[in-house]
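Notes to accompany the following structure.
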Amino acid sequence: MAGESAYELVLLVKPEVFIYKIPPLTGNKGYKAADWKLDSPDWVGRLRLISIGDKLEIRLEDKTSGELFAKAPIGQLNSVDYESVSDSSRYFVVRLRSDNAQTAFVGIGFADRADSFDLNVAIQDHFKAVKKCDDSAEDNAETVPKLDLSFKEGQTITVNIGKKTITSNNTSSSVVPNLRTSLGGNSAVPLLPPPPASGNKIRK
1 MAGESAYELV LLVKPEVFIY KIPPLTGNKG YKAADWKLDS PDWVGRLRLI SIGDKLEIRL
61 EDKTSGELFA KAPIGQLNSV DYESVSDSSR YFVVRLRSDN AQTAFVGIGF ADRADSFDLN
121 VAIQDHFKAV KKCDDSAEDN AETVPKLDLS FKEGQTITVN IGKKTITSNN TSSSVVPNLR
181 TSLGGNSAVP LLPPPPASGN KIRK
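Heads up, the sequence shown is in full-length UniProt numbering, so the first residue is 1 and it goes up one at a time.
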């Protein structure tokens, strides 16, 4: 699916999403929305989920103008690109990435739990479709028969050149033909007389 199309496809639009600056992750307990200032989001805008071929990204945009605020590419499921918090189903942590490869982790959330559910499902459906496409391509590659151009035992090939016909097979043979065989039996191959010495005169 990769490279198959460069067209952008809008998978989901949510008109209101909250953005939060979050403290660094400590320990192995994961992120908690309770550690954020949920009543005072740092930014409010709209969210669009966009696919470009097999790539996926969350775009955070101004609610009125549609101007891009930040984007968060999601490389795969269950990665640091997109993580659920441990204490709520309405909030997530995403990794923003700028065009010059700078990154920052922020919290995002919704007032309605149904919005967060829709986002989760849309992301999962995208990666399921990518996997299905990749599996189908592998199956097709395995079922394509290999072309065998080798000679089979006893197989011959005939080439017509003008009025002459040349027949060849896969039996190995010497580059120089057997002169005894071509003359028949065990007859000796006649030898040509040697050329005259350079000093002798040629008789008329």
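We put the beta carbon where it would ideally sit given N, CA and C, even for glycine.
It should be emphasised that the depicted structure is a prediction, and the values quoted were computed from it without experimental measurement.
Residue from Lys14, Gln102, Arg97 whose Cα sits closest to the Cα of residue 273: Since the displayed the chain opens at 1 and closes at 204, residue 273 lies outside it and no answer follows.
- Item | Leu60, enclosing beta strand (DSSP E) - first and last residue | What you label residue 60 is simply residue 60 of the sequence shown in a count that begins at 1. That run of the beta strand (DSSP E) goes 55-61.
Does Arg113 come out as helix, strand or coil in the three-state DSSP assignment?
Taking the sequence shown and counting its residues from 1, one reaches residue 113 at position 113. In the structure shown, Arg113 sits in a helix (DSSP, three-state: H, G or I).
Starting from Tyr82, follow its DSSP beta bridges and name the residues at the other end.
Sequence index remark: in the sequence shown, residue 82 carries index 82 (1-based). DSSP lists Ser79, Val94 as the bridge partner or partners of Tyr82.
- Query: What distance in whole Å lies between the Cβ atoms of Tyr31 and residue 207, which are believed to be in contact at a cut-off of 8 Å?
  - Reply: Shown here, the chain extends from 1 to 204; a query on residue 207 therefore has no answer.
Evaluate residue 208 with the Cβ neighbour count: other Cβ atoms within 10 Å of its Cβ, from every protein chain shown; 16 or more gives buried, anything less gives exposed.
Absent from the model: residue 208. The displayed extent of the chain is 1 to 204, so no value can be given.
If you draw a straight line from the C-alpha of Ala122 to the C-alpha of Lys29, how long is it? For the purposes of this step, residue 122 is identified with residue 122 of the sequence shown, where counting begins at 1. For the purposes of this step, residue 29 is identified with residue 29 of the sequence shown, where counting begins at 1. Roughly 26 Å between the two C-alpha positions.
If contacts are defined as beta-carbon pairs under 8 Å, then Asp112 and Leu12 qualify, I think. What distance do you get, rounded to the angstrom? For this step, residue 112 is matched to residue 112 along the sequence shown. For this step, residue 12 is matched to residue 12 along the sequence shown. No, Asp112 and Leu12 are not in contact; Cβ-Cβ is about 14 Å, not under 8 Å.
### Query
Which residues in the same chain as Asp81 place their Cβ atom closer than 8 Å to its Cβ, once the five residues preceding and following it in sequence are excluded?
Reading the sequence shown from its first residue, position 81 is the one you call residue 81. If we look at Asp81 and ignore the five residues flanking it on each side, its Cβ neighbours are Ala72, Pro73, Ile74, Gly75, Val94, Arg95.
*Considering only C-alpha positions, which residue in the set Pro24, Glu57, Gln124, Ser88 is nearest to Val10?*
Residue numbering aside, residue 10 sits at position 10 when the sequence shown is read from its first letter. Distances from the alpha-carbon of Val10 to those of Pro24, Glu57, Gln124, Ser88 put Glu57 closest.
Q) With a CB to CB cut of under 8 Å and the five nearest residues on each side skipped, what residues in its chain are close to Ser86? A) Walking along the sequence shown from the start, residue 86 turns up at place 86. Beyond the five residues adjoining it in sequence on each side, Ser86 comes within less than 8 Å, by CB distance, of Lys29, Gly30, Tyr31, Lys32 in the same chain, given in chain order.
For a test of the three-state rule: what should DSSP assign to Glu153, helix, strand or coil? Position 153 of the sequence shown, counted from the first residue, corresponds to residue 153. Glu153 falls in the coil class under three-state DSSP.
Nearest-angstrom Cα separation, counted from Glu138 out to Arg38: If you number the sequence shown from 1, residue 38 lands on position 38. If you number the sequence shown from 1, residue 138 lands on position 138. Note on residue identity: the sequence assigns Leu, not Arg, to residue 38. Answer to the nearest angstrom: the Cα atoms are 46 Å apart.
Indicate whether Pro15 and Lys55 have their beta-carbon atoms separated by less than 8 Å.
Position 15 of the sequence shown, counted from the start, is the residue given in the question as residue 15. Position 55 of the sequence shown, counted from the start, is the residue given in the question as residue 55. A distance of 8 Å or more separates the beta carbons of Pro15 and Lys55.
Quiz item: Under the DSSP definition of a beta bridge, which residues are partnered with Gly107?
Solution: Counting from 1 along the sequence shown, the entry for residue 107 is found at position 107. In the DSSP output, where bridge partners are listed per residue, Gly107 has Tyr20, Val93.
- Query: Would a C-beta distance cut-off of 8 Å place Leu60 and Leu47 closer than the cut-off?
  - Reply: Here residue 60 is taken as the residue at index 60 of the sequence shown, counted from 1. Here residue 47 is taken as the residue at index 47 of the sequence shown, counted from 1. It is a contact, given that the beta carbons lie within the stated cut-off.
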